[in-house]
Each structure stands twice: as C-alpha cells, then as structure tokens.
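Notes to accompany the following structure.
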Amino acid sequence: MKIGTVGGGAAGLFFALFLSSSHPDWELETYEKEERVGRKILATGNGHCNILNEHPDSDCYSDQRAGEYLSACGGYQGLKEALERQGIYLQKRKEGIYPLTYSAASLLGSLLQILSARKVTFFNGIRVNNYQNDSKGTEVFFDDGSKRHVDFLVISTGGKSAPRLGSDGSFWSVLSSHGYSVSKPSPALTPIKVKETGLGVIKGIRHRAVVSIVVEGSPVFEEEGEILFKEDGLSGIVAFNASSFLTWKELWGKSSLILDLFPDTAESELLFMERNARKLGARPLETIVEKNLAAYLSKRSQREGKPTVSLLKKLPFSPLCSYGFDDSQVTHGGVDLDDVDLACRSRIENGVGILGEALNVDGKCGGYNLTWALGTAYLLAESFKSE
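The sequence shown finishes on residue 480 if you use my numbering, and the numbering steps up by one all the way, no holes.
In structure tokens form, the structure reads like this:
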C-alpha cells in the first residue's frame, strides 16, 4: 500500500514513524512545500521541545471532544510508551515533558534518521494544490503540474501561525472545496493588545501575577504566571493562555483582564509597606515594585482616582484583540471534528485522514498542542493495524 502525507510537520512525521514501524513494507511518501521538514518542531519549547503534557484534559483544548481522542490513544502514558517503542525517550522537568536529550534539534535529527532507514520518501520544496479521490485511490496534484497516485492520503498541513516557519493555512481552501466544514482561522496563544495607553514605560518588565478574565463582575478564567509588559499589551505564557480563552469563548471586547501582582500578599500588608516607606522617606511604591512599574502605577492611580496599593492587587486592563499570526504559537480554526471519526479518518470521503492543527483543535501552552499532534498521528496509524 502507498500512503501519501501532505505536510512534514510534527503530526505528519510522527504518523510516518508509527505507521512505518507496523507496516515496514508499505510505501510512505511525505510532501512538504518547504525545503526542510519539521521546522516548527525546532522552535517548540524554546528549542527544547515540550513534546507532551502529563494531563491533557479536555478543558485545556478549544474543543472538549479532544479529550475523547486523547483518551482513545491512552493519554499521556499511552503516547509516552508509543514514543519509547520508537526509541524516543522522555524526561520530566518542572515545566513539562521533554526528550531525554532536551533538544528539539536532536529529536528531529533522530526522527529523520529512523524514517530514512525505513525508506520513507520525502518530496521537499513541492506544493500540493489539490487531490482527486475515487474508489481506486487518490491522485495528488502538485503546483509544477505533476501528480502522484496513492492508496490513502493524509492531510497534515498545520495552521497559519508562525508563517516564517512555513505555515500559511492555504490547504484549508482545498479541503473546503471537498466539502469539509472549515472554521475561519484566528491566532491563538498570542500576546494581548489592550486599550490602556502609556505602557511604554514598563515595556520589557516581567512580574509574577495571577491573571483573571472577568465578565460582568465574575471571574471566568484564572491562572498564575509571569507577565511580560509590552508597549501595547501583555505577553508571557499566562497571557498566551488567556488570549486563547478569550478566543475560544468569544470574549474579546466583552471582558476585563485583572492582574493581581502580589497574589500571596494581602492588600493590608502592602499598605503597611507603603506607609512605612513614606515614614522612612523612601518613594513608597519603589520599595515594592520596580521603579518604572511604580511610576506607571502612580500615573494610573492619579488618572483613575484609585489608591496605588489597590492597583497592586487589582490592576485592570481592557483586552482589545490578539496579536497576529506572526506572533501566535498555534491557530484556532480548521476542519471540524464532526468531519472525522475517532481514528481521524474522514467522514466526508474515503481514503483520507486529517491530523493535528489542520483540525479545529488548539490547546494551552505546555505541550498540549504537540500532544494533540502526536495523539492524532498515533490514532490514524493504529487504524491501519488490521490492514
């Protein structure tokens, strides 16, 4: 049997890894429009590749049905064992699960060596622009006018995020023309642009905080992490997760973002610190926060008529929008899960599977998105076990 995969990202490569192990005599081909495969893998986890999350719960994804798919492949433990069977060993660190080498480059290098030894064929620098599916298989058409016949076609084309690494979302229009329900893509896991001005003075400052999204006075999201202040907004992992939540729940322009800059310190204690600093002749806020942040808070206090200490516990922002695809880690949108079964095989046409970010599922920071990519790759590969 000949299997063709459109896209040489994480989902496509790991699908080839799992399938070539169980069917070493099958012909596997991967079509990648970039000159190299796996470029986004190299960028994950700051170059270390946070490959899995230990607890890929359904509420950590835009579509809670993702939990059903990940449960079907055994969750974290099932995927960990599947990787170890392929010679990819993992280590647990405080911030996540990584390859034992702690190197995305080493992981990709090993992966490509294994696939090469198994005679998986890569066609790089060539773009698939369409395909034609019938009872005899699928004709795959390329931009250069050539075509190839395969028995089964896998779509693993990713989203639109980080286009510098090769993602452009262009294949969704092809899938739409084939009858798939494709949700409009939008950036996820991005910094948050806010309505408030004057943040230039605190640009580059990092501060631990609890970030809450508040709708009509009630918190609907809360997470602790490091905030990075930008000239026009907020960044950092906790801001990325908040941006995705705002997108998932369609809360942009309908909610407030509240920062508690000292979640472990009561407001009364902070007030005591401020008053004591005054008595000693120091600038009160500068004994509590960095100088520029103190200046920013003082200006906001004067402008909004709020005590400065109260802003340390409840610093409000009005989220306007996310940053664009250039600054996003993952894409929200894609083919609806209704269009694939639990093995990621198409319900629309025979002989087609769809994996990873090409589906309308995106997760939080922390290995959730690679877990989804690997999980869908594993499920589809396992579905060929009886063939």
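All C-beta atoms, glycine included, are put in the ideal place defined by N, C-alpha and C.
Checklist entry - A281: which of S439, Y154, E475 sits nearest, CA to CA? => result If you number the sequence shown from 1, residue 281 lands on position 188. Of S439, Y154, E475, the residue nearest in Cα terms is Y154.
Item to check | Nearest-angstrom Cα separation, counted from L246 out to G230 | outcome: Here residue 230 refers to the residue found at position 137 when the sequence shown is read from its first residue. Here residue 246 refers to the residue found at position 153 when the sequence shown is read from its first residue. G230 and L246: Cα-Cα distance of roughly 8 Å.
Checklist entry - Among residues of its own chain, excluding the 5 on either side of H148, which ones have a beta-carbon nearer than 8 Å to its beta-carbon? => result As a working note, residue 148 is residue 55 in the sequence shown. Cβ neighbours of H148 beyond the five flanking positions: Y169.
Next on the checklist: Let me check you understand the geometry: is the CB of R211 closer than 7 Å to at least one non-hydrogen atom of the ligand GDP?
Outcome noted: Ligands in the displayed structure: none, and consequently the ligand GDP is not present.
Checklist entry - E123 bridges to which residues according to DSSP? => result Numbered from its first residue, the sequence shown carries residue 123 at position 30. One detail in the question is off: residue 123 reads as Thr in this sequence, not Glu. Under DSSP, the beta-bridge partners assigned to T123 are T98, F215.
Item to check | Three-way DSSP call (helix, strand, coil) for R132 in this model | outcome: In the sequence shown, the residue the question calls residue 132 occupies position 39. DSSP, read as helix, strand or coil, puts R132 in helix.
Checklist entry - Who are the Cβ neighbours of F314 in its own chain at under 7 Å, not counting the five residues just before and after it? => result As a position in the sequence shown, residue 314 is number 221, starting the count at 1. Correct list, in chain order: S305, I306, A335, F338.
Next on the checklist: Output needed for G444: all residues of its chain with C-beta closer than 8 Å, excluding positions within five of it in sequence on either side, in chain order.
Outcome noted: As a position in the sequence shown, residue 444 is number 351, starting the count at 1. Excluding sequence neighbours, G444 sits near N226, G230, T231, D244, F245, L246.
Checklist entry - Rounded to whole angstroms, how far is the Cβ of T250 from the Cβ of F264, which I believe are closer than 8 Å? => result Here residue 250 is taken as the residue at index 157 of the sequence shown, counted from 1. Here residue 264 is taken as the residue at index 171 of the sequence shown, counted from 1. With a Cβ gap of about 4 Å, T250 and F264 count as contacting.
Item to check | For N334, three-class secondary structure by DSSP | outcome: What you label residue 334 is simply residue 241 of the sequence shown in a count that begins at 1. Assigned with DSSP and collapsed to three states, N334 falls in helix.
Checklist entry - Are the CB atoms of L172 and Y461 nearer to each other than 8 Å? => result Translated into positions along the sequence shown, residue 172 becomes position 79. Translated into positions along the sequence shown, residue 461 becomes position 368. No, the Cβ-Cβ distance between L172 and Y461 is not below 8 Å.
Next on the checklist: Beta-carbon within less than 7 Å of T137's beta-carbon, same chain only, minus the 5 sequence neighbours each way: which residues are those?
Outcome noted: Numbered from 1 along the sequence shown, position 44 holds the residue referred to as residue 137. Answer for T137: N143, A197, L463, listed in chain order.
Next on the checklist: Give me the residue from C166, A302, L344 with the minimum Cα distance to P356.
Outcome noted: As a working mapping, residue 356 is identified with position 263 in the sequence shown. The shortest Cα separation from P356 among C166, A302, L344 belongs to A302.
Next on the checklist: Just to confirm the assignment: which complete alpha helix (DSSP H) runs, minimum length 4, are found wholly within the region 365 to 429?
Outcome noted: Those alpha helix (DSSP H) runs which fall completely within the region 365 to 429 and span 4+ residues are 384 to 397, 401 to 406.
Item to check | 7 Å Cβ shell around V508 - same chain, five flanking residues per side excluded | outcome: In the structure as shown, the chain begins at 94 and stops at 480. Residue 508 is therefore absent and cannot be evaluated.
Checklist entry - Do D434 and S274 come within 8 Å of each other at the CB atom, strictly closer than that value? => result Here the question's residue 274 lines up with position 181 in the sequence shown. Here the question's residue 434 lines up with position 341 in the sequence shown. In this structure, D434 does not lie closer than 8 Å to S274 by Cβ.
Checklist entry - Would you call the region 390 to 402 and the region 340 to 349 touching, i.e. three or more CB-CB distances under 8 Å? => result The region 390 to 402, when compared against the region 340 to 349, does not touch it at the 8 Å Cβ threshold.
Item to check | Contacts around E383, its chain only, beta-carbon distance under 7 Å, and the 5 residues preceding and following it disregarded | outcome: The sequence position of residue 383 within the sequence shown is 290, counting from 1. Excluding residues up to 5 positions away in sequence, I298 lie with their Cβ nearer than 7 Å to the Cβ of E383 in the same chain.
Checklist entry - Is the beta carbon of V267 sitting closer than 8 Å to the one on N223? => result If you number the sequence shown from 1, residue 267 lands on position 174. If you number the sequence shown from 1, residue 223 lands on position 130. In this structure, N223 lies closer than 8 Å to V267 by Cβ.
Item to check | Enclosing beta strand (DSSP E) for I207 [first to last residue] | outcome: Taking the sequence shown and counting its residues from 1, one reaches residue 207 at position 114. I207 -> not in any beta strand (DSSP E); alpha helix (DSSP H) instead, spanning 197 to 210.
Next on the checklist: I'd like the list of long-range same chain contacts for E379, defined as Cβ closer than 6 Å, with 5 residues on each side in sequence excluded.
Outcome noted: By one-based count along the sequence shown, residue 379 stands at place 286. A387, listed in sequence order.
Next on the checklist: Within 10 Å of its beta-carbon, does Q206 have 16 or more other beta-carbons around it, so buried, or fewer, so exposed?
Outcome noted: Residue 206 sits at position 113 when you count from the first residue of the sequence shown. Around the beta carbon of Q206, fewer than 16 other beta carbons sit within 10 angstroms, so the residue counts as exposed.
Item to check | Extent of the continuous alpha helix (DSSP H) run through Q170 | outcome: For the purposes of this step, residue 170 is taken as the residue at position 77 of the sequence shown. Residue range 168 to 178 is occupied by the alpha helix (DSSP H) that includes Q170.
Checklist entry - Going by DSSP, which residues form a beta bridge with M359? => result The residue given as residue 359 occupies position 266 in the sequence shown. The question names Met, yet the displayed sequence has Ala at residue 359. BP columns for A359 are empty, so no partner.
Item to check | Assumed close pair A451, S476 - CB separation to whole angstroms, cut-off 8 Å | outcome: Here residue 451 refers to the residue found at position 358 when the sequence shown is read from its first residue. Here residue 476 refers to the residue found at position 383 when the sequence shown is read from its first residue. Going by Cβ atoms, the distance from A451 to S476 rounds to 17 Å, so no, they are not a contact pair.
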